[in-house]
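Heads up, the sequence shown is in my numbering, so the first residue is 2 and it goes up one at a time.
Here is the structure we will look at, set down as C-alpha cells.
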Amino acid sequence: MTNQQTLPTILTTFMEEIWNRGNFGQLETFVAPQYEIKHDPGDPWEGQTLDLETFKTCVLYSRNAFPDLNFAIQEMVAEADKVVAFWIMSGTHQGDLPNLPATGGAFAISGMTIYYFAENKVCGHTQAYDRLGFLGQVGFV
2 MTNQQTLPTI LTTFMEEIWN RGNFGQLETF VAPQYEIKHD PGDPWEGQTL
52 DLETFKTCVL YSRNAFPDLN FAIQEMVAEA DKVVAFWIMS GTHQGDLPNL
102 PATGGAFAIS GMTIYYFAEN KVCGHTQAYD RLGFLGQVGF V
C-alpha cells in the first residue's frame, strides 16, 4: 500500500474513533506525540504544539459542547505526507463555550482540513470552516 492509500484510511479511522466517538484508547496509535495546530482561526489552541494529553483536552472541548459531534468526510486527496479532507460537521450545541452559552441548536456545516502526517500518525492540521454558518444555525446570530 502506498502512502496515498494508507493515510486516508488512517485519517478515516482517526476521525471516527477520536472525534466522532471520543474513543481515546487508541489515541497514541493515530496521533503523534507532538501535534501542531498551524492555522485554525478561533480555535483556542491555534498556533500551538500539543502533547497527547492536551490534544485529548482539545477534542473534549468540542465533544463536551457537542456530545453528538460527527464529522462525515465527503472527499479526501492525499499527497506525500498530507491528506486534505472536505467534511460536513454536525451536532447539537448542548454545552457552553467561552462567550457562547449552549443554545440547544442543531447545526451542519462544511469545512476543509489539511492533515499532516509523520510516520503514519497525524501530527498537525490547517483548517477553515463555516463559523458564521455555525453561529447562525445554533441561533447565536
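Beta carbons: idealized from backbone N, C-alpha and C, even for Gly.
Because the structure is a prediction, the values reported are computed rather than measured.
Are the CB atoms of residue j and residue i within a distance shorter than 8 Å?
i      : j      : result
Ala109 : Ser91  : yes
Met16  : Phe72  : yes
Tyr130 : Gly106 : no
Using C-beta distances below 8 Å, list every residue in its chain close to residue i, excluding the 5 sequence neighbours before and after it, in chain order.
i      : result
Thr14  : Phe31
Val60  : Ile19, Trp20, Gly23 and Phe25
Ala119 : Ala33 and Asp82
Glu1   : There is no way to answer for residue 1, as the model of the chain reaches only from 2 to 142.
Output needed for residue i: all residues of its chain with C-beta closer than 6 Å, excluding positions within five of it in sequence on either side, in chain order.
i      : result
Gln96  : For the sequence presented, residue 96 should be read as Gly rather than Gln. Correct list, in chain order: Asn65, Ala66 and Ala103.
Val84  : Leu8, Pro9, Leu12, Met77 and Tyr116
His126 : Thr114 and Tyr116
Smallest Cα separation from residue i: which of the options?
i      : options                        : result
Glu54  : Gln35, Pro45 and Asp44         : Gln35
Asn121 : Phe56, Ala79, Leu136 and Pro99 : Ala79
Closer than 8 Å is the cut-off here; do at least three beta carbon pairs connect the stretch 75-93 with the stretch 45-62? Contact annotation: the stretch 75-93 does not touch the stretch 45-62, with fewer than three C-beta pairs closer than 8 Å.
Taking only runs of the beta strand (DSSP E) that begin and end inside the stretch 102-141, which ones reach a length of at least 3 residues, in chain order? 107-119 and 122-130
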